[in-house]
Structure formats: structure tokens, C-alpha cells
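Let me begin by presenting the structure, written as C-alpha cells, before commenting on it.
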Amino acid sequence: MKVSVIGAGLAGCEAAFQLANQGIQVDLYEMKPQKYTAAHTYQGFAELVCSNSLKAARLDSAAGLLKAEMRELGSLVLEAAEQCAVAAGGALAVDREKFSDYITNKIKTHENINVISGEVTTIPQGYVVIASGPLTSDQLADTIMEMLDSNRLSFFDAAAPIVTAESIDMSIAFAQSRYGKGDDDYINCPMNKEEYELFYTELIQAESAPLKEIDKRDFKVYEGCMPIEVMAKRGADTIRFGPLKPVGLRDPRTDHRPWAVVQLRKENQDSTMYNLVGFQTNLKFGEQKRVFSLIPGLQNAEFVRYGVMHRNTFIDSPRLLDNHFCLKKDNRIFFAGQITGVEGYTESAASGIYVGYNLARIINGKEPITLPKETMLGSLSHYISDETVVNFQPMGSNMGILPSLETTIRDKKLRYETLAKRAIEALKQTINQ
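Residues are numbered in this note's numbering as their position in the sequence shown, beginning at 1, plus a constant of 1.
Pasting the structure below:
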């Protein structure tokens, strides 16, 4: 039995390595060096095109916890990173070229991996792992689009910020649906006139993130999901009659309609995260924290994801994939990496590990493992397959995505340490079983 893996990025290399280590023959397809995306320049596999950092190393952080889980699962990416590390304080950062060369050599010298150079434009027969990344080539994207249905593939990531539910000040914010319709599905952050004017002034003066050339070329596409700061600059009341409209809502503290309202909508089934409705933004992350913390009820908000607007090819995973990253309508096809909606280097690599490990089990006649939601990778796999997520946008690892603890721990550091300890214990128990 042979598996075709499309893409030799972080996810593709991890998937191929996991499969090969379990005795499965792998054809790994990579279009470099014959063809490069607009962001890639190096011939080697697993090229890091943005930062050279894999984020925090400490266990009581989301990035550190995910890395600890990856180590337990035999990650090639972490093996390479630790061999090619450069000084970066509390983060795990690498020498890009040495990191890529290390992984490339491991892959090319593995007896069970056959590397095939050139662009893939059709889906191979048999088992396939599609790990073509956020800059999937146009021809392959067209093939995927045809296979999935044209409205299930996105090419731009235009996402609003997400905050943890427990960090919302419910002495100010209130749960209510407009005109009393529904089940109070929204949390509302009310503003009086003075609060709105302060927020508006800071919003229109805030600094935007510079666009990369690949994003500038297609920025017109963003008109359909206009950045909140761009909309605000069209007039002082534009957003107050748009995403911040207060109609149909009454502040229980005053029993009056607020001057403006920022609505928060559930981001996941467990109600641990909420997104700011209509707040797609291209502001710098620091500016988002500063300005959006002016919203009453969000003054102490913990942002698990900031808003972004950039080129990013990803599928509508909740409608398409199960929690093993397998295509629901065709169980021979798996997806891995950023094309699934996991966001970040380690998240992409971790999804590749999970796919490779489970696909090898399936081929060997075993049931795939399901990681518990208490683990970071388990929660990410649950998020990308959660059909209750309506406006699906990519998600990176964060502590807010994990199920809440049975007891409330106010101290953030202690709470994160407890969540991390629970995750590792749950993972080890699953592996042992």
C-alpha cells in the first residue's frame, strides 16, 4: 500500500515521516525547485517563510503545550528545531536554512519515502494527504475546488478578533438577542455616546499592518468583508448604523437602548471563545489590543486570536472533514496543515503528525485514535470539524480553545499550568491505551 502526500512543507513532511516510520511507502510530491510560490525562495523542504520562531517553549503557554504534545508523538519538526536552534529568549527559534536542510535530508534518505519533484494538478489514486499549504498553486486549487464544491475553498483570511469567554466583564456586558428573538446567543457590549466617541476616535487613528505584495495585488477582494477601521473612516456614524447598531437591544443596567453595541458571537460549541461580530481588521496586533480594550466589557479581554486580512487558501473544514482530518465524502483523502484552517508553524506540523499516524493505523487495519479535547491537538482537530462553527476562520493554538477546568482558577499562570498538566496526562493515557 502506497500513500501520496502532496506538499513538502511542515505538515507534509510530518505526515510522510509518520507514515514511513510505520512501514508505509510514501510518494512525497513537491513542486520546488521547478516552481515556487510568491513567498518561497529556498529549495529545501519545510521552508519557514515568515518568522523563524516556533513561539514560546514554556509548557504553561499554548505554543509550548502543543510542542510538548508533538514530542510525545515523535515530531520530526521539533527534532530539527532543537538541532538547529538559535538564541531567542523563551522562544524556540531556528536557523532557517539549517532547519530546512535537516528535514530535507531526513526525508530524502528515508527508505520508505520517494520524493517526486513537480507540480501536482490532479489528485492521485489511492490514499492521499493534501498538505499544499496556504499558497496552494492555482491549478491544484482549481482541482481541489472542483472536488469539494466551489464555495468550500477560501483564498483570503479575513477574520475578526476572538476573546475568551471568561475574560468578558459580564457586569457590563449582557446576553441578549435583538428584539428578544433567539436564545440570547449574543453577548452585547454597550456604549454610551462618550464611550463611543472615544472608541471611534482611537479606531480611525490606529495604525494598520503593512500589506505584503501578494496581498496588495488582491486587496480589492476584501470589499466584501471591509476592515472595521476602513468602514469607520467613511463617517462618524457609519459603524453605529452598521456592525455596532444598537436597535432591538436594551441595556439591563439602564433599561434603555445603548448609543452603540459591539456584539460577540460564540466561536465554538463549548462557549469558551467569542468573536467580535463585524470586526474584520487589518490593524497591528498591539493596536487591536489597545483600541478594542476600550470597548466596555472588554477592558480586560484576553485575545486568543487577533484579526487578520491576508492571502490564505483554506477549506471549509467543519463541513468537509471529520476530526481525523479525513474528507467525509471520500475516506481515502486526508488534508493536513494550514489548508485545513489550523494556523501557525507548529499547528500545521502537528496536524501532519496526527494525519500520518492515523492513516498508517488505518492502512494497518487498526482504528484511528481520537485525541481527547483536553489536549491542544485534540481541541484543534475538534475545532476544525465542529459543524456549529458558522463563519469558519483559521485558528491557532490557544488556551481558550481547551475545555474549562472543573474548578475556577483566577491566577492565569496557575490556570495555564493546570491546563497543560491535564493535557499531557490525557495524551499519555491515550497513547498508553
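The beta carbon of each residue, even a glycine, is placed where N, CA and C say it ideally should be.
Look at residue i and residue j and say whether their C-beta atoms are less than 8 Å apart.
i, j, result
"Ile354", "Gln19", "yes"
"Ala57", "Ala94", "no"
"Asn276", "Pro228", "no"
"Ser76", "Ala261", "no"
"Gly90", "Arg333", "no"
"Ser398", "Leu372", "no"
"Val361", "Glu70", "As written in the sequence, residue 361 is Ala, which differs from the Val given in the question. Cβ atoms of Ala361 and Glu70: not closer than 8 Å."
"Phe393", "Asp317", "yes"
"Thr165", "Gly401", "yes"
"Val278", "Gln264", "yes"
"Thr347", "Ala21", "no"
"Ser62", "Tyr417", "yes"
"Pro211", "Arg306", "no"
"Thr122", "Thr144", "yes"
"Ala421", "Leu67", "no"
"Ser352", "Ala12", "yes"
"Asp186", "Lys290", "no"
Using CA atoms only, rank isn't needed, just tell me which of the options is closest to residue i.
i, options, result
"Asp170", "Ala361, Ala261, Glu303 and Leu322", "Glu303"
"Asp28", "Gly366, Ile124 and Gln44", "Ile124"
"Ala9", "Glu230, Gly236, Ala210 and Ala132", "Ala132"
"Lys33", "Gly24, Ala21, Ile7 and Glu83", "Ile7"
"Ile385", "Glu418, Tyr417, Leu328 and Pro369", "Leu328"
"Ile205", "Ala176, Thr255, Lys285 and Asp186", "Lys285"
"Ala427", "Leu378, Leu415, Leu245 and Ala161", "Leu378"
"Met148", "Asn269, Lys330, Val4 and Ser352", "Lys330"
"Ser5", "Gln23, Glu203 and Val130", "Val130"
"Leu406", "Tyr180, Glu167, Val50 and Val390", "Glu167"
Residues in its own chain within less than 7 Å of residue i by CB, not counting five upstream and five downstream?
i, result
"Asp271", "Pro404"
"Lys374", "Ser380, His383 and Pro404"
"Glu48", "His41 and Ser101"
"Thr239", "Met232 and Ala233"
"Glu196", "Pro297"
"Ala174", "Ile188, Asn189, Cys190 and Gly298"
"Tyr201", "Ala233 and Ala237"
"Asn84", "Contrary to the premise, residue 84 reads as Gln rather than Asn in this sequence. Contacts found: Tyr103."
Cα separation between residue i and residue j?
i, j, result
"Leu250", "Leu199", "21 Å"
"Leu154", "Met146", "6 Å"
"Val356", "Leu55", "20 Å"
"Asp252", "Gln281", "25 Å"
"Ile432", "Pro259", "52 Å"
"Asp96", "Leu60", "22 Å"
"Phe293", "Leu79", "35 Å"
"Ser52", "Thr255", "48 Å"
"Thr419", "Asn106", "38 Å"
"Ile363", "Glu230", "48 Å"
"Arg241", "Asn269", "27 Å"
"Ala86", "Glu98", "11 Å"
"Lys367", "Gln434", "13 Å"
"Lys414", "Gly243", "38 Å"
"Lys246", "Glu203", "19 Å"
"Lys3", "Ile25", "6 Å"
"Thr408", "Thr273", "15 Å"
"Met192", "Thr376", "38 Å"
"Pro369", "Ala176", "40 Å"
"Lys194", "Leu295", "13 Å"
"Ser178", "His257", "15 Å"
"Glu112", "His325", "26 Å"
"Ile108", "Asp412", "44 Å"
"Glu224", "Met310", "Residue confidence for Glu224 is low, a pLDDT of 49 falling below 50, so the modelled location carries little weight; the figure read from the coordinates is stated next. Cα-Cα distance, rounded: 11 Å."
"Thr38", "Val50", "11 Å"
Can you list, in chain order, the residues of its chain with a C-beta nearer than 8 Å to that of residue i? Leave out the 5 residues immediately preceding and following it.
i, result
"Glu388", "Pro319 and Arg320"
"Glu120", "Met32, Gln35, Lys36, Ser138, Gln140 and Leu141"
"Tyr395", "Reading off the sequence, residue 395 comes out as Pro, not Tyr. For Pro395, where only same-chain residues beyond five positions count, the Cβ hits under 8 Å are Asp158, Ala160, Asn313, Phe315, Gln339, Gly342, Val343 and Glu344."
"Glu73", "Ile425, Leu428, Lys429 and Ile432"
"Lys221", "Any answer about Lys221 is weak, because its pLDDT of 47 lies below 50 and its placement is not dependable; what the coordinates show is given next. If we look at Lys221 and ignore the five residues flanking it on each side, it has no Cβ neighbours."
"Ile104", "Cys14, Gly45, Phe46, Ala47, Leu77, Val78 and Ala81"
"Tyr180", "Gly249"
Return the chain-ordered list of same chain residues with a C-beta closer than 6 Å to the C-beta of residue i, the five sequence neighbours on each side being excluded.
i, result
"Asn365", "none"
"Glu288", "Ala207 and Glu208"
"Gln23", "Ala361"
"Val390", "Pro319"
Counting only beta-carbon atoms, is residue i nearer than 8 Å to chain B?
i, result
"Asn313", "This model lacks chain B altogether, as it is built from one protein chain only."
### Query
Any chance the stretch 133 to 140 sits against the stretch 290 to 302, with 3 or more Cβ pairs inside 8 Å?
The answer is no - the stretch 290 to 302 does not touch the stretch 133 to 140, with fewer than three Cβ pairs under 8 Å.
### Task
Specify whether the stretch 9 to 19 and the stretch 333 to 341 touch according to this definition: at least 3 beta carbon pairs, one from each stretch, less than 8 Å apart.
Contact annotation: the stretch 9 to 19 touches the stretch 333 to 341, with at least three C-beta pairs closer than 8 Å.
### Message
Measuring CB atoms only, is the stretch 29 to 37 touching the stretch 106 to 120, in the sense that at least three cross pairs come out at less than 8 Å?
### Response
Contact holds between the stretch 29 to 37 and the stretch 106 to 120, because three or more Cβ pairs, one in each stretch, are under 8 Å apart.
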